[in-house]
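Undergrad: Here's a structure for you.
Protein chains: 2
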Amino acid sequence: MVTIKDVAKLSGFSIKTVSRVVNNLSEVSPETRQKVQHAISELGYQPNTMARSLVIGRTNTVGVIIPHSAEYIFAHPFFTEVLRGIAEVLSANNHNLLLYLAYEKVPYSRVFIQRQVDGLILMSIPIGDPNLHGIHESGVPFVCTCRITEDDQITNYVDADFTGGVEQGMEYLLSLGHRRIAILPGPMSLVSVRLRLRGYQNAWRKHRLAEPEDYVLEGEFSSESGHALAVKAMSLPNPPTALICGDDLIAFGAIQALKEMGYRVPEDISIIGFDDINLARFSSPPLTTVRQDTYLKGRIAAETLLTLMRGKCPSSPRQILLDTSLVIRNSTAPAQNL
Amino acid sequence: MVTIKDVAKLSGFSIKTVSRVVNNLSEVSPETRQKVQHAISELGYQPNTMARSLVIGRTNTVGVIIPHSAEYIFAHPFFTEVLRGIAEVLSANNHNLLLYLAYEKVPYSRVFIQRQVDGLILMSIPIGDPNLHGIHESGVPFVCTCRITEDDQITNYVDADFTGGVEQGMEYLLSLGHRRIAILPGPMSLVSVRLRLRGYQNAWRKHRLAEPEDYVLEGEFSSESGHALAVKAMSLPNPPTALICGDDLIAFGAIQALKEMGYRVPEDISIIGFDDINLARFSSPPLTTVRQDTYLKGRIAAETLLTLMRGKCPSSPRQILLDTSLVIRNSTAPAQNL
DNA sequence: AAAATAACTGACAACGTTGTCATTAAATTA
DNA sequence: TAATTTAATGACAACGTTGTCAGTTATTTT
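Residue numbers (the working numbering), protein chains in the order written: chain Y, 1 to 338; chain G, 339 to 676.
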């Protein structure tokens, strides 16, 4: 292994001077710099990251924590986009990205105390995660890409406005004349799902309409679940004329189930998704959906974290809510009397 | 920051003895071990990873390289699955995962020479990547999740048998009576696409049939591209009765385009995809596709790398080709005379 | 009882870098 | 000209850990 010592010996200068050249400090004469650089490229020298980190007390590395219990996070299309946003910002700022699968027993903050990372991004935290305590205690700069409670006032977060997003979808369905609107929000164990439900309830209240009963159909973020729930919805005594879904996968499954049952989408039943994944344009019919910019979520999370890492951690948390927008395609139509 | 020194002072033992306890070495008496452990948990001590790595010369970290020029890799459903396979194996073996976006100018091997990682997984390498030279030279243990040439005999790789996969699809279409089969293989800049094409050609040859002309329609791995190419295919003087696609996204786009043009799938035109992503079951009609196990690809790549890292790098490369299987759903039917 | 072995424990160097401070030579100022 | 500043460089300690090896007990063997 080529070390700074070898470069010093070959160039005839001291270790410290080589270090100055490597770190591009100004206090080196041009000739010296050139000679040292020549020796560096001659030997193919690269500084040892571990040794440097040990001295300077930083690693220029950010940890991204993915709760492993939630496997569907990995499988979900939005995951990639958030990660890409994070990776690009970190890369542009010369920071590395350590990806951790967090099992419940292992406290996230460990990796910070061990000086592996200078900060953390928590990608999807279970409600009541006991690790958050340790995080706060250890003083890690961290940012969540989700909220930990419906009215989180504790963590730094960047998240989509799920409540507002569902309200947008509901407004549209109501404007089309739908009054029997069921929601397939996803798993209620997730805060984001509870926030979606809040949007659903807000919409009814805002229009001074009574929220229909039995129209909240909890499930998973998957097409399989959407399929099953759509079947269940249509077998209700008073079946809905529209379904608003917690994500696009649920919507895809629901559409297929409806077709199989002989309903036409959107003529008989309207469907709205959430996320606007790439494939939403290519379903049959193309999906009307509430768009959230997951790539941007990742970028902003990373940028926020870098800011936190540079300055002291502020007393009040940084909380950012990203707007959603309704993308109208062909899975929605005016309500018919069935 | 709590260091091993603090633990030594509090427990009354030497630094070295604390180190022995931390590393769970046997040469410590039970009482000593207990006292030291008490001090450790009292202080909340965690060993400094950088200092340890510096001494032992390893980081227990694996780098995963993603060429950034290929943005679609991030966006592609298979990416997540490979990454999940890698992450799970590394996690189970107490190794960390550093994710790198590789820009063309930055040689991958740098991160190895800098001792940030003990090995590398290269997720999708452009043909003729100049960095491979540096990789071989630096002696990094590495594994590719793809081949770098159609007959790669150099790198360690784990990849799907694209040629065989397309042959499976072709066999099925031919058995259904199709003779006008066009292929939408994806971007020819990728080796995997050239290998798919090879499977297409093999099938014709094996059946002693002349390969039809103008039936290779190059494009991207996206639904948009599939849509455009399907339109192009059907406007040929002698349009095909079946399309075999390089991935499922292309197939989805193609199906939509065909529907828009008034064709029925599969009655008029048969479609086969590649990958079997989760959503393949939920397209309309459900997609017949060649399944590759991308999650397994990731797992095996990581396991292979760990093996390489443990032993010396063998002289002959480890090359693993994973079988594919045809999943028959409803986008394929016997050929009709159009 | 003496000698040999085993079981623990600790002092100190080493890993490869950067930070602190001293030293030297050159350039500027008084 | 002498005194002061500036620029360039290097010696050495420090970062927090592990490896080496020597030392001290306790235990076993002769």
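Backbone N, C-alpha and C define an ideal beta-carbon position, used for all residues, glycine too.
In angstroms, rounded to a whole number, what distance separates the CA positions of residue 215/Y and residue 197/Y?
TA: As a working mapping, residue 215/Y is identified with position 215 in the first sequence. As a working mapping, residue 197/Y is identified with position 197 in the first sequence. Going from the Cα of residue 215/Y to the Cα of residue 197/Y covers about 11 Å.
Undergrad: Is the CB of residue 41/Y under 8 Å away from at least one CB in chain G?
TA: The count along the first sequence starts at 1 and reaches residue 41/Y at position 41. Answer no: the Cβ-Cβ gap between residue 41/Y and chain G never drops below 8 Å.
Undergrad: Of the residues 252/Y, 319/Y, 225/Y, 221/Y, which one's Cα is nearest the Cα of residue 75/Y?
TA: For the purposes of this step, residue 75/Y is taken as residue 75 along the first sequence, with counting starting at 1. For the residues 252/Y, 319/Y, 225/Y, 221/Y, the minimum Cα distance to residue 75/Y belongs to 221/Y.
Undergrad: Would you give the residue range spanned by the alpha helix (DSSP H) that residue 393/G belongs to?
TA: Translated into positions along the second sequence, residue 393/G becomes position 55. Segment 387-394, the alpha helix (DSSP H) holding residue 393/G.
Undergrad: Take residue 448/G as the anchor and find which of 98/Y, 139/Y, 51/Y, 44/Y has the nearest alpha-carbon.
TA: In the second sequence, residue 448/G corresponds to position 110, counting from 1. That would be 44/Y, whose Cα lies nearest to the Cα of residue 448/G.
Undergrad: Just to confirm my understanding: we take residue 418/G, look at its own chain, exclude 5 residues before and 5 after, and list those with CB closer than 8 Å. What are they?
TA: Here the question's residue 418/G lines up with position 80 in the second sequence. Around residue 418/G: no qualifying Cβ.
Undergrad: I'd like to confirm the pairing. Which residues does DSSP put opposite residue 643/G in its beta bridges?
TA: In the second sequence, residue 643/G corresponds to position 305, counting from 1. DSSP, once it has assigned bridges, lists no residue as partnering residue 643/G.
Undergrad: On a Cα-Cα basis, can you pick out the residue from 374/G, 431/G, 671/G that is closest to residue 400/G?
TA: Looking up residue 400/G in the second sequence gives position 62. Cα-wise, what sits closest to residue 400/G is 431/G.
Undergrad: Would you kindly check if the distance between the Cβ of residue 121/Y and the Cβ of residue 8/Y is under 8 Å?
TA: By 1-based counting over the first sequence, the position of residue 8/Y is 8. By 1-based counting over the first sequence, the position of residue 121/Y is 121. It is not a contact, given that the beta carbons lie outside the stated cut-off.
Undergrad: Going by C-alpha to C-alpha distance, which of 22/Y, 85/Y, 49/Y sits closest to residue 297/Y?
TA: Within the first sequence, the letter at position 297 stands for residue 297/Y. When each option's Cα is compared against that of residue 297/Y, the closest is 85/Y.
Undergrad: For residue 418/G, go through chain Y and note every residue whose CB falls closer than 9 Å to its CB, in chain order.
TA: Locating residue 418/G in the second sequence gives position 80, counting from the first residue. Those within 9 Å of residue 418/G in chain Y are 74, 75, 76, 77, 79, 80, 83.
Undergrad: Taking DSSP as the reference, what is the three-state secondary structure of residue 177/Y?
TA: For the purposes of this step, residue 177/Y is identified with residue 177 of the first sequence, where counting begins at 1. Three-state result, residue 177/Y: coil.
Undergrad: Assuming the contact rule is C-beta atoms closer than 8 Å, residue 564/G and residue 520/G should be a hit. Round their C-beta distance to whole Å, please.
TA: Walking along the second sequence from the start, residue 564/G turns up at place 226. Walking along the second sequence from the start, residue 520/G turns up at place 182. Contact doesn't hold; Cβ gap of about 12 Å is too wide.
Undergrad: Are residue 265/Y and residue 331/Y closer than 8 Å when you measure CB to CB?
TA: The residue given as residue 265/Y occupies position 265 in the first sequence. The residue given as residue 331/Y occupies position 331 in the first sequence. Yes, they are a contact pair.
Undergrad: Within 8 Å (strictly less), CB to CB, does residue 127/Y reach chain G?
TA: One-based indexing of the first sequence puts residue 127/Y at position 127. So, not an interface residue.
Undergrad: List the residues that DSSP assigns as beta-bridge partners of residue 480/G.
TA: For this step, residue 480/G is matched to residue 142 along the second sequence. Answer by DSSP bridge pairing, in chain order: 458/G.
Undergrad: Is the beta carbon of residue 113/Y less than 8 Å from the beta carbon of residue 67/Y?
TA: For the purposes of this step, residue 113/Y is taken as the residue at position 113 of the first sequence. For the purposes of this step, residue 67/Y is taken as the residue at position 67 of the first sequence. In this structure, residue 113/Y sits away from residue 67/Y, with a CB-CB distance that is not shorter than 8 Å.
Undergrad: Helix, strand or coil: how does DSSP classify residue 159/Y here?
TA: Looking up residue 159/Y in the first sequence gives position 159. Strand at residue 159/Y.
Undergrad: Am I right that residue 657/G and residue 494/G are in contact with their C-beta atoms under 8 Å? What's the rounded C-beta distance?
TA: Taking the first residue of the second sequence as position 1, residue 657/G is located at position 319. Taking the first residue of the second sequence as position 1, residue 494/G is located at position 156. Confirmed, Cβ separation roughly 7 Å.
Undergrad: Can you tell me the Cα-Cα spacing of residue 624/G and residue 665/G, whole angstroms?
TA: Locating residue 624/G in the second sequence gives position 286, counting from the first residue. Locating residue 665/G in the second sequence gives position 327, counting from the first residue. Cα to Cα, the separation comes out at about 10 Å.
Undergrad: May I ask you to verify whether the region 468-485 of chain G touches the region 539-549 of chain G, counting CB pairs closer than 8 Å and requiring at least 3?
TA: Contact fails: fewer than three Cβ-Cβ distances are below 8 Å.
Undergrad: Among 2/Y, 89/Y, 189/Y, which one has its Cα closest to the Cα of residue 60/Y?
TA: Mapped onto the first sequence, residue 60/Y falls at position 60. Of 2/Y, 89/Y, 189/Y, the residue nearest in Cα terms is 89/Y.
Undergrad: What are the residues of the region 102-117 of chain Y that lie near chain G, defined by any Cβ-Cβ distance shorter than 7 Å?
TA: Result list: 110, 113, 114, 115, 116.
Undergrad: Any C-beta of chain G within less than 9 Å: which residues of the region 183-210 of chain Y qualify?
TA: none
Undergrad: What does residue 96/Y pair with, by DSSP beta-bridge criteria?
TA: Locating residue 96/Y in the first sequence gives position 96, counting from the first residue. In DSSP, residue 96/Y forms a bridge with 61/Y.
Undergrad: Could one say the Cβ of residue 37/Y lies closer than 8 Å to chain G's Cβ atoms, at least one of them?
TA: By 1-based counting over the first sequence, the position of residue 37/Y is 37. No, no contact with chain G.
Undergrad: For residue 195/Y, is the classification buried or exposed, using 16 other Cβ atoms within 10 angstroms of its Cβ as the cut-off for buried?
TA: In the first sequence, counting from the first residue as 1, residue 195/Y sits at position 195. With 16 or more Cβ atoms within 10 Å of its Cβ, residue 195/Y is classed as buried.
Undergrad: Give every residue of the same chain whose Cβ lies closer than 7 Å to the Cβ of residue 621/G, excluding the five residues on either side of it in the sequence, and list them in chain order.
TA: For the purposes of this step, residue 621/G is taken as residue 283 along the second sequence, with counting starting at 1. Answer for residue 621/G: 590, 593, listed in chain order.
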